[in-house]
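S.K.:
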Amino acid sequence: MRSDSVFRIAPRGGSSARAVIDAIDAMGGKAFDLSRMARLGLPVPPAFVLGTGHCRQWYLEPERYRKSLPALLQEQMHWLQTVTGLGFGDSRRPLLVSVRSGAPLSMPGMMDTLLNIGLCDVTSRGLLRMTGNPRQVWDLYRRLVSSFAEVVFGADPAPFRAARDEMLARNKVDRVRELDYQALFELAQGYLRLCEELTGRPFPQNPVNQLELAVQAVFASWNSARAAAYRSLYGIPDDIYTAATVQSMVFGNTGGTSGSGVGFTRDPDTGDKRLYFDFLFNSQGEDVVSGRATGSDAEELFSALPEMRRELCSVCDTLEAEFRDAQEFEFTIQDGALHLLQTRTAKRTPWAALKIAVDQVKEGLISKEEALVRLEGLDLTGIKRHRLAGEDTPFCIGESAGIGVAVGPAALDLESARKFSEEGRPAVLIRDELNTADLVAISFCAGVLTARGNRTSHAAVVARQLGKPCVTGAGGLRLDPGQQSVECGNRSISPGAMITLDSNTGRVYEGERELIVEYPAQWLEEIGTWRR
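In this note's numbering, the protein residues as written are 214 to 745.
1. Could you tell me how far apart the beta carbons of Leu328 and Tyr354 are, in whole angstroms, since I believe they sit closer than 8 Å?
2. State the DSSP-derived secondary structure class of Ile324, mapped to helix, strand or coil.
3. Which runs of the beta strand (DSSP E) spanning at least 3 residues fall entirely within the stretch 535-605, listed in chain order?
4. Take Ile237 and list the residues in its own chain whose beta-carbon comes closer than 6 Å to its own, dropping the five residues that flank it on each side.
5. Grab me the residues of Thr297's own chain with a C-beta within less than 7 Å of its C-beta, minus the 5 sequence neighbours each way, in chain order.
6. With a cut-off of 8 Å on the beta carbons, I'd call Arg161 and Gly484 a contact; round off their distance for me.
7. Among the candidates Pro275, Ala376, Ser434 and Asp393, whose CA atom is the shortest distance from the CA of Val365?
8. Tell me, please, whether the CB atom of Asn717 is closer than 8 Å to any CB atom in chain D?
9. Would you kindly work out how many angstroms separate the C-alpha atoms of Asp645 and Pro256, rounded to a whole number?
10. Just curious, the beta strand (DSSP E) that Tyr722 is in, first and last residue?
11. Look at Gly611 and Pro682 and say whether their C-beta atoms are less than 8 Å apart.
12. CB-CB under 8 Å to Thr412, same chain, minus the five flanking residues each way: which ones, in chain order?
13. On a Cα-Cα basis, can you pick out the residue from Asp482, Pro224 and Glu535 that is closest to Val674?
14. Determine the DSSP secondary structure at Val296, reduced to helix, strand or coil.
15. Straight-line CA distance for Thr594 to Gln678?
16. With distances taken Cα to Cα, identify the nearest neighbour of Thr265 among Met290, Ala442, Asp451 and Val502.
17. With a threshold of 6 Å on Cβ separation, who are the neighbours of Arg340 within its own chain once the five nearest residues in sequence on each side are excluded?
18. Could you tell me the alpha carbon to alpha carbon distance between Asp510 and Val684, rounded to whole angstroms?
19. Considering only residues of the stretch 335-388, which uninterrupted alpha helix (DSSP H) runs meet the minimum length of 4 residues and lie entirely inside it, listed in chain order?
20. Can you name, in chain order, every residue of its own chain whose Cβ lies under 8 Å from the Cβ of Ala232, other than the five neighbours on each side?
21. Pick helix, strand or coil for Ile616, following the three-state DSSP scheme.
22. Quick check: Thr545 and Gly468, are their CB atoms within less than 8 Å of each other?
23. How many Å lie between Ala438 and Ala650 at the Cα?
24. Compute the beta-carbon to beta-carbon distance between Pro622 and Gly709, rounded to the nearest angstrom, for a pair I have assumed lies under 8 Å.
25. In the DSSP output, which residue or residues are listed as bridge partners for Leu493?
26. For the beta strand (DSSP E) that Thr458 lies in, which residues bound it at each end?
27. Out of curiosity, what's the CA-to-CA distance linking Thr478 and Glu535?
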């Protein structure tokens with residue numbers, strides 16, 4: 214299959230890609246798995262995919278590729294408009310799209326995604342007429358302008374966050390989803406001005422121009438610092454490149470029966486077979502995976518939409534039957550309707566990897582031989598987890614995003630964490646929020662603690678894969694501006710002070726605590742019988 218091909222993913226059972234392994238190299242893993250979900254009849258929004266060869270061409274012959282890109286996109290967008298019944302750049306029924314990266318090997322959060330492409334002054338008025346929802350429209354617009362300025366134009370995101378925080382303070386609310394449409398309109402207009410002030414370039418009002426620039430930004434993110442660091446850490450070749458998926462938008466910010474979430478078909482920390490997910494009402498997917506939002510509305514989801522429990526559990530069963538392994542999937546609910554945006558093999562702790570393999574053999578999902586191959590990269594005799602020997606008053610409490618316990622000196626910045634590691638004392642890294650740019654630091658720390666974020670953010674997923682205990686969204690945790698101490702309530706921790714982070718419970722303690730070590734003896738014994 215040619216990697217410079219264009220692939221189409223039609224909703225409810227259609228796809229131009231064959232379900233063969235060589236398609237992964239051409240389409241990238243994300244798009245290939247989308248096509249498999251579509252063929253299963255799962256609710257996947259329509260999309261087309263520029264194969265990995267397009268990214269290669271963009272790097273090797275940039276001017277030639279840029280000249281050919283407009284005609285290529287025009288042809289594919291004509292198809293997407295026909296499928297959706299919407300018009301890209303239309304002043305009455307506008308089509309908006311996302312542009313997503315997707316390499317043949319999974320690199321969660323390491324490359325860029327742009328949402329809401331196609332929104333501008335003209336199409337925003339059309340979307341207002343089409344939806345009758347001004348709050349949604351101005352929320353989408355302000356999101357697009359800030360992300361476009363950052364990802365495409367290289368703007369510093371800090372001024373946009375400062376403008377957002379100022380608007381929140383002015384309206385006396387804590388979260389953007391509590392702002393009314395007038396505040397969001399003002400924020401969007403302020404972002405438009407900020408974009409030009411920071412970059413010297415106005416936000417493009419031509420949707421076609423937006424799309425061309427977005428595709429090239431996704432290709433450029435293949436060589437971003439964080440993507441290169443991730444490839445180096447996991448031995449991923451530099452020359453496999455990324456595909457770009459252009460997909461019709463579905464919206465999780467349309468109101469009280471909409472939202473975005475990330476789910477796992479099994480618990481990625483323990484391996485238990487249960488639905489494990491985070492969800493935020495009235496949000497877009499980036500809110501969940503970025504690590505900036507804290508908490509989850511998962512329990513409230515089933516109160517508001519009781520049928521969604523059955524739908525999500527059905528999705529889990531379908532995905533595991535097709536992919537024959539635990540999956541991590543991203544989804545959006547728009548006005549009560551479920552849409553699937555991605556699935557991939559779930560990153561998991563070594564403990565969970567062992568349990569999932571044993572359980573899936575018992576369930577008849579995989580053979581013993583397949584399970585042994587899957588476990589080949591693990592040091593089975595080294596798999597263990599720690600728990601605290603006793604209880605005490607914690608310094609702070611957050612959300613568990615892993616298993617095990619980390620004990621080490623507190624490090625409030627990446628340089629300190631590196632220094633402690635070089636001294637042979639891996640630190641517990643404490644951050645306001647964790648992002649994928651912190652990948653290298655995560656790899657040499659004992660554990661991670663954040664004031665904001667949730668257990669399914671990209672950074673938490675990476676920490677889990679690395680086997681690092683992680684606690685996120687610790688309410689009340691405050692890092693002072695000079696980063697000379699961390700406070701929670703009336704207590705504080707200084708840099709270098711020993712702390713104990715219990716990722717089993719989400720509790721963090723001052724000082725070193727006595728630990729109990731547990732080993733998965735029963736599972737190891739069972740695996741031993743497979744080899745006889």
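The beta-carbon is built from N, C-alpha and C at its ideal position, and this holds for glycine as well.
Computed from a prediction, not measured in an experiment: that's the story for all the values here.
M.R.: The structure says:
1. In the sequence shown, the residue the question calls residue 328 occupies position 115. In the sequence shown, the residue the question calls residue 354 occupies position 141. With 8 Å as the limit, Leu328 and Tyr354 do not qualify as a contact, their Cβ atoms being about 11 Å apart.
2. By 1-based counting over the sequence shown, the position of residue 324 is 111. It should be pointed out that residue 324 corresponds to Met in this sequence rather than to Ile. Of the three classes helix, strand and coil, the one that applies to Met324 here is coil, per DSSP.
3. The qualifying runs are 540-547, 550-558 and 598-601.
4. In the sequence shown, residue 237 corresponds to position 24, counting from 1. Once the five neighbours on either side are set aside, the close Cβ partners of Ile237 are Phe245 and Pro317.
5. As a first step, residue 297 is located in the sequence shown; it is residue number 84 there, counting from the start. Short of 7 Å from the beta carbon of Thr297, and not among the five residues preceding or following it, lie these beta carbons of its own chain, in chain order: Pro259, Leu308 and Ser461.
6. A query on residue 161 cannot be resolved here, the shown segment of the chain reaching from 214 to 745 and no further.
7. Position 152 of the sequence shown holds residue 365. Residue Ser434 is the option with its Cα nearest to Val365.
8. In summary, chain D is missing from the structure at hand, where a single protein chain is found.
9. In the sequence shown, the residue the question calls residue 645 occupies position 432. In the sequence shown, the residue the question calls residue 256 occupies position 43. Their backbone Cα atoms lie some 36 Å apart in a straight line.
10. Position 509 of the sequence shown, counted from the start, is the residue given in the question as residue 722. It spans Arg720 to Glu723 - the beta strand (DSSP E) in which Tyr722 sits, taken as one unbroken run.
11. Counting from one through the sequence shown, the residue named residue 611 turns up at place 398. Counting from one through the sequence shown, the residue named residue 682 turns up at place 469. In terms of Cβ geometry, Gly611 and Pro682 do not form a close pair [threshold 8 Å].
12. Within the sequence shown, residue 412 is the residue found at index 199, counting from 1. Closer than 8 Å at Cβ, skipping near neighbours: Ala362, Phe366, Gly367 and Ala368.
13. Within the sequence shown, the letter at position 461 stands for residue 674. Selection Asp482, Pro224 and Glu535 evaluated against Val674 yields Asp482 as nearest (Cα-Cα).
14. Here residue 296 is taken as the residue at index 83 of the sequence shown, counted from 1. Three-state result, Val296: helix.
15. Position 381 of the sequence shown, counting from 1, holds the residue named residue 594. Position 465 of the sequence shown, counting from 1, holds the residue named residue 678. Spanning the two alpha carbons is a distance of roughly 18 Å.
16. Your numbering for residue 265 matches position 52 in the sequence shown. The option with the nearest alpha carbon to Thr265 is Asp451.
17. Counting from one through the sequence shown, the residue named residue 340 turns up at place 127. Strictly speaking, residue 340 in this sequence is Leu, with Arg absent from that position. If the five residues before and after Leu340 are omitted, its C-beta is found closer than 6 Å to the C-beta atoms of Pro307 and Val350, all from its own chain and listed in chain order.
18. Numbered from 1 along the sequence shown, position 297 holds the residue referred to as residue 510. Numbered from 1 along the sequence shown, position 471 holds the residue referred to as residue 684. Roughly 18 Å between the two C-alpha positions.
19. Scanning the stretch 335-388 from its first residue to its last, the whole alpha helix (DSSP H) runs of 4-plus residues come out as 347-364 and 371-384.
20. What you label residue 232 is simply residue 19 of the sequence shown in a count that begins at 1. Residue placement at Ala232 cannot be trusted, given a pLDDT of 47 that sits under 50; the coordinates are not used to answer.
21. The residue labelled residue 616 in the question sits at position 403 within the sequence shown. Coil, per DSSP.
22. Reading the sequence shown from its first residue, position 332 is the one you call residue 545. Reading the sequence shown from its first residue, position 255 is the one you call residue 468. No Cβ-Cβ contact shorter than 8 Å links Thr545 with Gly468.
23. In the sequence shown, the residue the question calls residue 438 occupies position 225. In the sequence shown, the residue the question calls residue 650 occupies position 437. The straight-line gap from Cα to Cα measures roughly 8 Å.
24. As a first step, residue 622 must be located in the sequence shown, where it is residue number 409. As a first step, residue 709 must be located in the sequence shown, where it is residue number 496. 5 Å between Cβ atoms; contact.
25. As a first step, residue 493 is located in the sequence shown; it is residue number 280 there, counting from the start. The beta-bridge partner set that DSSP reports for Leu493 consists of Ser473.
26. One-based indexing of the sequence shown puts residue 458 at position 245. It spans Ala456 to Ser461 - the beta strand (DSSP E) in which Thr458 sits, taken as one unbroken run.
27. Reading the sequence shown from its first residue, position 265 is the one you call residue 478. Reading the sequence shown from its first residue, position 322 is the one you call residue 535. For Thr478 and Glu535, the distance between alpha carbons rounds to 12 Å.
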